[in-house]
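Under the numbering used here, the letters of the sequence shown match residues 26 to 84, in that order.
Structure first, then comments.
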Amino acid sequence: MLDKKVITSVVLSSWVSEGAKNEREMKVKAIEYITPDRYPGYKILKIKDGIALCERESV
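Listed below in structure tokens is the structure:
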């Protein structure tokens with residue numbers, strides 16, 4: 026089967042944005058939150074207003 030990539034939104038925990046001085050720091054914390062154990066196959070594309078837009082590979 027062909028692998029399809031799906032764009033999905035993940036609501037981030039409040040601690041991800043707390044103390045982040047810029048978007049780069051927020052992305053680092055979001056990577057800590059969106060782990061392969063919690064969200065297998067997810068890759069962060071963009072973060073906006075506490076929501077991470079992610080690309081998800083599905084089989």
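Note that beta-carbon positions come from the ideal geometry of N, C-alpha and C, so glycine has one too.
If you're wondering where the values come from, they're calculated on a predicted model, not measured in any experiment.
Q: Could you work out which residue in Asp74, Val53, Tyr67, Pro61 is closest to Arg81 when comparing CA atoms only?
A: Position 56 of the sequence shown, counted from the first residue, corresponds to residue 81. Nearest of Asp74, Val53, Tyr67, Pro61 to Arg81, Cα basis: Tyr67.
Q) By Cβ distance, which residues of its chain are closer than 8 angstroms to Thr60, with the 5 residues on each side in sequence left out? A) Counting from 1 along the sequence shown, the entry for residue 60 is found at position 35. Hits under 8 angstroms: none found.
Q: Compare the Cα-Cα distances from Glu38 to each of Ala55, Lys73, Lys71, Arg63 and report the closest residue.
A: Stepping through the sequence shown from its first residue, residue 38 is reached at position 13. The sequence shown places Ser at residue 38, rather than the Glu named in the question. Comparing Cα-Cα distances from Ser38 to each of Ala55, Lys73, Lys71, Arg63, the minimum goes to Ala55.
Q: Could you round the C-beta distance between Ile72 and Met51 to whole angstroms and report it? I think they count as a contact, below 8 angstroms.
A: Translated into the one-based positions of the sequence shown, residue 72 becomes position 47. Translated into the one-based positions of the sequence shown, residue 51 becomes position 26. Contact holds; Cβ gap of about 6 angstroms.
Q) Can you find a heavy atom of the ligand COA that lies under 6 angstroms from the Cβ of Ala55? A) This structure lacks the ligand COA; in fact it carries no ligand of any kind.
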